[in-house]
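Chains as they are written, first to last, in the working numbering: chain A, 77 to 392; chain B, -9 to 368. Structure record follows, encoded as structure tokens.
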Amino acid sequence: MKLSEHARNVIETSMKHNRVSDSDRDEIERVIANMPDDRVFLQKNVVSDPLGDLPRYSIHIRIQHMLTFSTFLALAFTGLPIHFIEALWAEPFNMVLGGVEVTRIIHRTLAVVMIASMVYHLLTITIKPLLEIKNRCFDIRRTIIPLFKDIRDFKEDMLYSANKRAQRPEMDKYMYKQKIHYFAAGFGNMVMVVSGSSFLFPEFWASILPISMVSNFQELMRLSHPHEALLALLVIAFWHWYNVHLAPGRFPMQWTFLTGKITREHQIEEHFLEYLRNLVEIPEERQHLQDILDSRGLSEDDGLIDKQESESEDMT
Amino acid sequence: MIANKGRYRGKYVLAINLMLVLFSTFFLTPAIAFEDDEGCLICHKYPMMARVTDDGVLRSYYVMPHIFGRTVHRNVPCRDCHSYIKELPHKPVTEGVTCNAECHSIKNPATGKQFSHKLIYDSYIKSTHGRKKVAEGLDADKPYCISCHTNPLYNPDEDKPPKHIVDRCVICHEKRDFVERWYSHTSRRIREVKRSSKEVFELCSSCHENKEMLDRHVKQAKEEGRELGKKFPIAAESYKESFHGKLTRLGFNKTASCLDCHARQKDYFRSVHEIRPSRDPDSPTHKNNKVETCQRCHVHADENYVALDPHPSSKREDNLFKYYAEMIYNIVGVAVIAMLVGMSLLETIGRRRDGIAWRLSHGSTWRRKSRRGRDRVE
């Protein structure tokens, strides 16, 4: 496979960060050269364990996800019956928990747990990059921070789905959908925390805001809390659950949130640049891929030669 | 035979009717639970005691002694209030009972003066709700005493006092019924008799949610160039939209109701009778008094805090910011969901074209031939 300029840059950075030896570099280059140019063809022919093959999420992220999704759902199912108290469906929700007096206490308690989970997450996503910067192995492309490339990826992915393009874009560890989802959830959480606290501590918020903003802020928060909750619930129901449970190929679910691992096939399909890093960081994966390519007769032996030839042409 | 049968049947019917009359005479006659020394029940005990007024309204003058005997006015002789009645049969009543008259034969035990509601009435008449008993025009929309004070027929707080207490009192007071009556009279006032937040709102909104009435007042004020509170036309509906209103609807009694803000707390029971518009410096909702009013519950309330709108509304004419904020929220919400559903559908079509199926995967998700011509090597 001949790598794109961006993919080449990613793998060079990865090799530099991992301080790979010359022999490992040759091995990596050889495997990459042997990969077929057609990434769709490659991903169709690898062997994957549905529980996951390659590392993706640390135990911290998995715990945070568990805390967040469980509290989120419980908050939605205690909060919405309070907001829509007069709706026919709300009464059984409230009654089963002991009435609205109990529901609101549960709701606030769960909110505290969710905030704790957010703080835990913020610590995790702050400490890890700091350590990477210290060790000189930080690559912003490997983070969830949105980049201009994501806009291009979004456009190209839509074109692929519409059958106007042969390949899905080469996407990084976090693709555009995950970035949208992550920041939407992060923004939503902040809105819920701020608006929820404005109900509990209206005096505090009034005291720190300019007097001209106080009333509109409070009313905006009162609008935001239920609207954001409903929107978040619908986004989770329609989009997140679609992506991780219902989409063809993901059914009945991805196990990543439990095992922390992603399947090889999925990594190549949607996170190809991260797969290249896996080839650098995990020698066993290089060997495994080479074995698959050999056993299925997919190796493009000429690929490396072609690449070397083209590189020498570039140099001249 | 047939004629005899009929005669016997007639006798039976007559006997049964006689028994029913005797039974109802001795057992079903309502017990007179109050002293009718003035003989008013001679006429007013009849259920059909009524007339059609000049306005065509059927007015009933029936007094149910066993019901009236349980009301708070049960110990007051009729003519203490109906003082205009000088002879029997009396002349047609024009004004009726007014609550400011010092008409009671009962004396105030503290002052020795005749008992009266005059003090409260004087406060009420100066309030924004103040009106005479017989009022015309817009004043007729205002509540008179009996609009709010319905003279409840039954009050659980007036149940008979516990036996062990009465047993103790009768040692000196001798008469058991005397002790029971005065114990209830006193203890009812000691106990919490404030209406709940929900009841207060229901009471106030019985007028303040009456759109026709509100429109009449707004129109008249406009014609006269008279200032009217900005929230007057939406007072009740905006309260329901407020945080306080929502909590009241949920059944929380500690939440501020209309009277918690619009009446002074230090002399609450008098102040509820002299509600004033917020532009009146004596009103607890006047801009100079707001901090103190809010601090009753929100102890840390300051000048900023009182800028919060206790009567918020999404109506364009009331709050443009909230009106547009709500509109934007609705548009964004629908647009986001539509976009995400659209993206998911497009992706599903693309993935199906790739030959991916909704099946439990065992190593691979590829289940059928791709329409893009790239398949797994078998």
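Built from N, CA and C at the ideal position, the CB exists for glycine as well.
Alpha-carbon to alpha-carbon, alanine 347 (chain B) and glycine 325 (chain A): The residue given as residue 325 (chain A) occupies position 249 in the first sequence. The residue given as residue 347 (chain B) occupies position 357 in the second sequence. The alpha-carbon atoms of glycine 325 (chain A) and alanine 347 (chain B) are separated by roughly 6 Å.
From B:Glu217, B:Lys277, B:Lys116, B:Asn90, residue whose alpha carbon lies closest to that of lysine 108 (chain B): Position 118 of the second sequence, counting from 1, holds the residue named residue 108 (chain B). Closest option to lysine 108 (chain B), Cα to Cα, is B:Asn90.
Identified DSSP bridge partners for valine 42 (chain B): Within the second sequence, the letter at position 52 stands for residue 42 (chain B). Bridge partners of valine 42 (chain B): B:Leu48.
Residues of the segment 106 to 119 of chain B whose Cβ lies closer than 7 Å to any Cβ of chain A, in chain order: none
Cβ shell of glutamate 246 (chain A) (< 7 Å), same chain only, five flanking positions each side left out: Numbered from its first residue, the first sequence carries residue 246 (chain A) at position 170. Excluding residues within five positions, the ones whose Cβ falls inside 7 Å are Ser80, His82, Ala83, Phe348, Leu349.
Cβ-Cβ separation, aspartate 229 (chain A) to tyrosine 252 (chain A) (assumed contact under 8 Å), whole Å: Here residue 252 (chain A) is taken as the residue at index 176 of the first sequence, counted from 1. Here residue 229 (chain A) is taken as the residue at index 153 of the first sequence, counted from 1. Between aspartate 229 (chain A) and tyrosine 252 (chain A) the Cβ distance is about 5 Å, and since that is below 8 Å, they are a contact.
Residue span of the alpha helix (DSSP H) that contains threonine 332 (chain A), given as start and end: Sequence index remark: in the first sequence, residue 332 (chain A) carries index 256 (1-based). Unbroken alpha helix (DSSP H) run through threonine 332 (chain A): 332 to 335.
Span separating the alpha-carbon of valine 47 (chain B) from that of isoleucine 224 (chain B): Within the second sequence, the letter at position 57 stands for residue 47 (chain B). Within the second sequence, the letter at position 234 stands for residue 224 (chain B). Approximately 32 Å, taken between the alpha carbons.
Assumed close pair arginine 217 (chain A), valine 86 (chain A) - CB separation to whole angstroms, cut-off 8 Å: Sequence index remark: in the first sequence, residue 217 (chain A) carries index 141 (1-based). Sequence index remark: in the first sequence, residue 86 (chain A) carries index 10 (1-based). About 7 Å separates the two Cβ atoms, so the contact holds.
Residue interval of the alpha helix (DSSP H) (run including asparagine 354 (chain A)): As a working note, residue 354 (chain A) is residue 278 in the first sequence. Unbroken alpha helix (DSSP H) run through asparagine 354 (chain A): 348 to 357.
Whole-angstrom distance between glutamate 189 (chain B) and histidine 252 (chain B), CA atom to CA atom: Your numbering for residue 252 (chain B) matches position 262 in the second sequence. Your numbering for residue 189 (chain B) matches position 199 in the second sequence. Rounded to the nearest angstrom, the two C-alpha atoms are 15 Å apart.
Contacts of tryptophan 348 (chain B) in chain A (Cβ-Cβ under 7 Å): The residue given as residue 348 (chain B) occupies position 358 in the second sequence. Those within 7 Å of tryptophan 348 (chain B) in chain A are Pro324, Phe327.
Residues within the segment 304 to 329 of chain B neighbouring chain A, beta-carbon criterion of under 9 Å: Ser304, Asn309, Phe311, Lys312, Ala315, Glu316, Tyr319, Asn320, Val322, Gly323, Val326, Ile327
Whole-Å CB distance - leucine 355 (chain A) paired with valine 107 (chain A), under 8 Å assumed: For the purposes of this step, residue 355 (chain A) is taken as residue 279 along the first sequence, with counting starting at 1. For the purposes of this step, residue 107 (chain A) is taken as residue 31 along the first sequence, with counting starting at 1. Confirmed, Cβ separation roughly 6 Å.
Top-ranked residue by Cα proximity to leucine 151 (chain A), from A:Leu334, A:Leu352, A:Gln363, A:Val269: Along the first sequence, one-based indexing puts residue 151 (chain A) at 75. Ranking A:Leu334, A:Leu352, A:Gln363, A:Val269 by Cα distance to leucine 151 (chain A) puts A:Val269 first.
Ranges of the beta strand (DSSP E) found wholly within the segment 91 to 152 of chain A, counting only runs of at least 3: none
Same chain, Cβ closer than 6 Å to glutamine 366 (chain A), neighbours up to 5 away in sequence not counted: As a first step, residue 366 (chain A) is located in the first sequence; it is residue number 290 there, counting from the start. Only Val107 meet the Cβ criterion.
Beta-carbon contacts of arginine 260 (chain B) that lie in its chain and below 8 Å, excluding the five residues immediately before and after: In the second sequence, the residue the question calls residue 260 (chain B) occupies position 270. Within the same chain, arginine 260 (chain B) has close Cβ partners Leu109, Ile110, Ser113.
Residue-level contact to chain A via CB, threonine 238 (chain B), 9 Å cutoff: In the second sequence, the residue the question calls residue 238 (chain B) occupies position 248. False, the Cβ-Cβ gap to chain A never drops below 9 Å.
Inter-residue spacing [alpha-carbon to alpha-carbon] between cysteine 68 (chain B) and tyrosine 74 (chain B): Your numbering for residue 68 (chain B) matches position 78 in the second sequence. Your numbering for residue 74 (chain B) matches position 84 in the second sequence. Their backbone Cα atoms lie some 11 Å apart in a straight line.
Serine 300 (chain A) and tyrosine 258 (chain B) closer than 9 Å at C-beta: As a working note, residue 300 (chain A) is residue 224 in the first sequence. As a working note, residue 258 (chain B) is residue 268 in the second sequence. Their beta carbons are not under 9 Å apart, which means serine 300 (chain A) does not touch tyrosine 258 (chain B) by this criterion.
Simplified DSSP state of glutamine 254 (chain A), which is helix, strand or coil: As a working note, residue 254 (chain A) is residue 178 in the first sequence. Three-state result, glutamine 254 (chain A): helix.
For histidine 136 (chain A), the nearest candidate out of A:Pro112, A:Ser193, A:Glu105, A:Glu304 (CA to CA): What you label residue 136 (chain A) is simply residue 60 of the first sequence in a count that begins at 1. Of the listed residues, the one whose Cα sits closest to histidine 136 (chain A) is A:Ser193.
Per-residue burial, methionine 91 (chain A) [other beta carbons within 10 Å of its own, 16 or more giving buried]: What you label residue 91 (chain A) is simply residue 15 of the first sequence in a count that begins at 1. With 16 or more other Cβ atoms within 10 Å, it is buried.
Asparagine 292 (chain A) at chain B interface by Cβ criterion, 9 Å: Translated into the one-based positions of the first sequence, residue 292 (chain A) becomes position 216. With 9 Å as the cut-off, asparagine 292 (chain A) counts as an interface residue toward chain B.
Proximal residues of chain B, C-beta to C-beta of serine 237 (chain A) below 7 Å: Counted from its first residue, the first sequence places residue 237 (chain A) at position 161. Per Cβ cutoff of 7 Å: Leu336, Glu337, Ile339, Gly340.
CA-to-CA distance, asparagine 243 (chain B) to serine 186 (chain B), given in whole angstroms: The residue given as residue 186 (chain B) occupies position 196 in the second sequence. The residue given as residue 243 (chain B) occupies position 253 in the second sequence. Approximately 6 Å between the Cα atoms of the pair.
Close-in-space but distant-in-sequence residues of the same chain around valine 281 (chain B) (CB under 8 Å, 5 per side omitted): As a first step, residue 281 (chain B) is located in the second sequence; it is residue number 291 there, counting from the start. If we look at valine 281 (chain B) and ignore the five residues flanking it on each side, its Cβ neighbours are Ala291, Asp292, Glu293, Tyr295, Val296.
Serine 273 (chain A) vs glutamate 304 (chain A) beta-carbon contact at 9 Å: Counting from one through the first sequence, the residue named residue 273 (chain A) turns up at place 197. Counting from one through the first sequence, the residue named residue 304 (chain A) turns up at place 228. Not a contact, by the Cβ cut-off of 9 Å.
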